[in-house]
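Peer 1: Protein sequences appear in the order of chains Y and G.
Under the numbering used here, think of the first position of the first sequence as 6, with each following residue one higher.
Under the numbering used here, think of the first position of the second sequence as 6, with each following residue one higher.
Protein chains: 2
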Amino acid sequence: MQISSRFTLAIHIFACIDTFGDSQKVTSDFLAASTNVNPVIIRNILGQLRRAGLVEVTRGSGGASIAKPLDQITFLDIYNAVESVEDGRLFHFHENPSLQCPVGRNIHHVLDPRLWQVQSAMERELRSITLADIRNDLKAYLE
Amino acid sequence: MQISSRFTLAIHIFACIDTFGDSQKVTSDFLAASTNVNPVIIRNILGQLRRAGLVEVTRGSGGASIAKPLDQITFLDIYNAVESVEDGRLFHFHENPSLQCPVGRNIHHVLDPRLWQVQSAMERELRSITLADIRNDLKAYLE
DNA sequence: CCATGATGTAATATCAATTTTTACAACCAG
DNA sequence: CTGGTTGTAAAAATTGATATTACATCATGG
Numbered sequence: 006m007q008i009s010s011r012f013t014l015a016i017h018i019f020a021c022i023d024t025f026g027d028s029q030k031v032t033s034d035f036l037a038a039s040t041n042v043n044p045v046i047i048r049n050i051l052g053q054l055r056r057a058g059l060v061e062v063t064r065g066s067g068g069a070s071i072a073k074p075l076d077q078i079t080f081l082d083i084y085n086a087v088e089s090v091e092d093g094r095l096f097h098f099h100e101n102p103s104l105q106c107p108v109g110r111n112i113h114h115v116l117d118p119r120l121w122q123v124q125s126a127m128e129r130e131l132r133s134i135t136l137a138d139i140r141n142d143l144k145a146y147l148e
Numbered sequence: 006m007q008i009s010s011r012f013t014l015a016i017h018i019f020a021c022i023d024t025f026g027d028s029q030k031v032t033s034d035f036l037a038a039s040t041n042v043n044p045v046i047i048r049n050i051l052g053q054l055r056r057a058g059l060v061e062v063t064r065g066s067g068g069a070s071i072a073k074p075l076d077q078i079t080f081l082d083i084y085n086a087v088e089s090v091e092d093g094r095l096f097h098f099h100e101n102p103s104l105q106c107p108v109g110r111n112i113h114h115v116l117d118p119r120l121w122q123v124q125s126a127m128e129r130e131l132r133s134i135t136l137a138d139i140r141n142d143l144k145a146y147l148e
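(1) Between G:A37 and chain Y, is the shortest Cβ-Cβ distance under 7 Å, so that the two count as touching?
(2) Which residue comes first and which comes last in the alpha helix (DSSP H) that contains Y:E87?
(3) Between the alpha carbons of Y:S125 and G:I8, how many angstroms are there, rounded?
(4) On the CB-based measure, 16 or more other CB atoms within 10 Å of its CB, does G:L120 come out buried or exposed?
(5) Can you tell me whether G:F98 is helix, strand or coil according to DSSP?
(6) Would you please state the rounded distance, in angstroms, between the beta carbons of Y:P102 and G:N41? I believe it to be under 8 Å.
(7) Quick check: Y:V31 and Y:G68, are their CB atoms within less than 7 Å of each other?
(8) Going by the DSSP bridge assignment, what does G:I139 pair with across the sheet?
(9) Counting only the same chain and skipping the five closest in sequence on each side, list residues whose C-beta sits under 7 Å from that of G:A1.
(10) At a CB-CB cut-off below 8 Å, which residues of chain G make contact with Y:P102?
(11) Use the C-beta contact count for Y:N111: other C-beta atoms within 10 angstroms, 16 or more gives buried, fewer gives exposed.
(12) Could you have a look at Y:V115 and say whether DSSP puts it in helix, strand or coil?
(13) Could you tell me whether the Cβ of Y:P107 comes closer than 7 Å to any Cβ of chain G?
(14) Compare the C-beta of G:R132 against all C-beta atoms of chain Y and say whether one is closer than 7 Å.
(15) Which class does Y:A69 belong to by DSSP, given the choice of helix, strand or coil?
(16) Quick one: does G:V45 have its CB under 7 Å from some CB of chain Y?
(17) According to the neighbour-count rule (16 or more other Cβ atoms, all chains shown, within 10 Å of its Cβ), is Y:P143 buried or exposed?
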């Protein structure tokens, strides 16, 4: 199962605010047009990013801005903000292994550390990429 | 969004075959009892593992066995066998970013290599864990 | 050779999460 | 106070996972 598109949408949103924020007001309708998703989806993601302290959104007059320097916002910050999985676990464990079975009784003890090991590797990589990297990469394409 | 429980189920299945396969026939009903999921789910996963060359399942008389030495089956082999995502991509990209928008037009070029970078880190970690590790860990609990 | 107990698979139902869409109250600025 | 915007709720549509029923197919022991 794939990680939801809210993650790539959020990065797209940041790229738009960074690119267009100086010259115009970046509203949810503007972002909806650029991403081709419904404005309500944009507003919900902006809400998650706002509660995580990554963007500021002004009610009434409208428009969003980025709350921190780009090199201080990592992919992991964004991932954690928009990908709200229970307990923050990447892997879904089958719920009720049999306690009558020696394997079923111990599979969690055995597997949990290994699953964390994998998830940690992914999070480490997510933490190593910042929005400043994206700005740099994008700048090369925009010229 | 989480990775489906088919992955942890598959590992549970391997652990059962390895633990009980010598002393008894390991059927889909047996595995369904140990994992507490429906036997058809087990049979479907066994089918995916069989097509990936990781297990052998005998029709008619019944029972499953492991097709390779445990240290030659990695978590990545299992993950790829049971987690059938289109294109094998971990991240779901929003489908139709606007080609009218400079950001929308380039977001894929910018983001795709970064997403692969993250996915590769995860796959590298999955590749580093084998079923032999799980047998070792489980043995400590079974004694 | 057939009765039994398995597997393989299709079909359907249920459930959960995502995504879309409509609607509207709250809000701010000119 | 009017126009454009955000925040949010609610409902529908969509998708994928999981459960369940059903049955054809298969191997084997009696």
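For each residue, glycine too, the CB sits at the ideal point set by N, CA and C.
Peer 2: Concretely, from the data shown:
(1) For this step, residue 37 of chain G is matched to residue 32 along the second sequence. Closer than 7 Å: no.
(2) Translated into the one-based positions of the first sequence, residue 87 of chain Y becomes position 82. It should be pointed out that residue 87 of chain Y corresponds to Val in this sequence rather than to Glu. Looking at the DSSP string, the run of the alpha helix (DSSP H) that includes Y:V87 is 80-87.
(3) Here residue 125 of chain Y refers to the residue found at position 120 when the first sequence is read from its first residue. Here residue 8 of chain G refers to the residue found at position 3 when the second sequence is read from its first residue. Distance between the alpha carbons of Y:S125 and G:I8: 15 Å.
(4) Position 115 of the second sequence, counting from 1, holds the residue named residue 120 of chain G. Buried.
(5) In the second sequence, counting from the first residue as 1, residue 98 of chain G sits at position 93. Here G:F98 sits in coil by DSSP.
(6) For the purposes of this step, residue 102 of chain Y is taken as residue 97 along the first sequence, with counting starting at 1. For the purposes of this step, residue 41 of chain G is taken as residue 36 along the second sequence, with counting starting at 1. Sure, about 6 Å apart at Cβ, within 8 Å.
(7) The residue labelled residue 31 of chain Y in the question sits at position 26 within the first sequence. The residue labelled residue 68 of chain Y in the question sits at position 63 within the first sequence. Cβ distance < 7 Å, so Y:V31 and Y:G68 count as in contact.
(8) For the purposes of this step, residue 139 of chain G is taken as residue 134 along the second sequence, with counting starting at 1. Paired residue(s): none; G:I139 is not in a bridge.
(9) The structure shown has nothing for residue 1 of chain G, since chain G only spans 6 to 148.
(10) To locate residue 102 of chain Y, count along the first sequence from 1; it is residue 97. Within 8 Å Cβ-Cβ: H17, S39, T40, N41.
(11) Translated into positions along the first sequence, residue 111 of chain Y becomes position 106. That one is buried.
(12) Mapped onto the first sequence, residue 115 of chain Y falls at position 110. The answer is helix: DSSP assigns Y:V115 an H, G or I state.
(13) What you label residue 107 of chain Y is simply residue 102 of the first sequence in a count that begins at 1. Interface residue, yes.
(14) One-based indexing of the second sequence puts residue 132 of chain G at position 127. Cβ-Cβ to chain Y under 7 Å: no for G:R132.
(15) Taking the first sequence and counting its residues from 1, one reaches residue 69 of chain Y at position 64. If DSSP states are grouped into helix, strand and coil, Y:A69 belongs with the strands.
(16) Taking the second sequence and counting its residues from 1, one reaches residue 45 of chain G at position 40. Judged by the 7 Å Cβ criterion, G:V45 is not in contact with chain Y.
(17) Here residue 143 of chain Y is taken as the residue at index 138 of the first sequence, counted from 1. Contrary to the premise, residue 143 of chain Y reads as Leu rather than Pro in this sequence. It is buried - the Cβ of Y:L143 has at least 16 other Cβ atoms within 10 Å.
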